[in-house]
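Everything on this sheet refers to the single structure shown next.
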Amino acid sequence: MPFNIHYALDFLKKTQKLSKNFIHSLGVFFVSRVFSSIVVFAIGIITARLLNPEGRGNYALFFTATGLVASLTNLGLSQANTYFLNKKKKPLGLMVGNTLLFLFAASFFCIGCIAVLSLFFVESSFGLEGVIPWFLLGLAIIALLWETCFSGLIY
């Protein structure tokens, strides 16, 4: 096949357009990550000033426990939803139904585990007495589950 200058020029134009979009997207991503890091740093300073060392430890324990349980119960449903919607072309209604079924089952499982844990650990590790910290932990886990599972369907 002989070399055609028009094909080469079209290819270069497409490549330049793609690289401009890539660099723009990379810049937006970088700025958002820097902004996110600054916000997390500022929140860390504010919580360190407002809470004593024990309160800061309870704060860290609460969010670590929430994140750990949410990551253990997520099971990659968001990624699976994205895959089945885009690659396998499954209907959105089917994916929403499966996601809701999983979320209700996982929510009841988390509530049951938290109820059992609250029986064994009457004195809370979060610096608060009674069932309030366990209730807040359950609410945070369920909110994280719902957000992460539906993110594959929304975005």
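In my numbering, each residue's number is its place in the sequence shown (first place is 1) plus 2. The beta carbon of each residue, even a glycine, is placed where N, CA and C say it ideally should be.
- Annotated as proximal: LEU87 and LEU94, with beta-carbon spacing under 9 Å.
- Here SER73 has no same chain residue with a Cβ atom under 6 Å from its own Cβ, once five neighbours each way along the sequence are excluded.
- Taken through DSSP and simplified to helix, strand or coil, LEU28 comes out as helix.
- A direct Cα-Cα distance of roughly 14 Å separates ASN100 from GLN81.
- Under the three-state reduction of DSSP, VAL36 is assigned to helix.
- Distance from the CA of ARG51 to the CA of LEU102, rounded to the nearest whole angstrom, comes to 41 Å.
- By the neighbour-count definition (other C-beta atoms within 10 Å, threshold 16), ALA108 is a buried residue.
- One thing to note: LEU147 has its Cβ no nearer than 9 Å to the Cβ of ILE116.
- With respect to the 9 Å criterion, ARG58 and THR49 are classified as neighbours on the basis of their beta carbons.
- Look at LYS15 here: in three-state DSSP terms it is helix.
- Relative to GLU149, the option among GLY78, VAL41, ILE113 whose CA is nearest is GLY78.
- According to the DSSP assignment, VAL118 belongs to the alpha helix (DSSP H) that extends over 94–122.
- Take SER153, set aside five residues on each side of it, and the residues of its chain with a beta-carbon closer than 8 Å to its own are SER80, in chain order.
- Of the candidates PHE32, SER39, VAL98, ILE25, the residue whose Cα lies closest to the Cα of LEU155 is VAL98.
- Excluding its 5 nearest sequence neighbours in each direction, ILE144 has C-beta neighbours in its own chain below 6 Å: SER109, listed in chain order.
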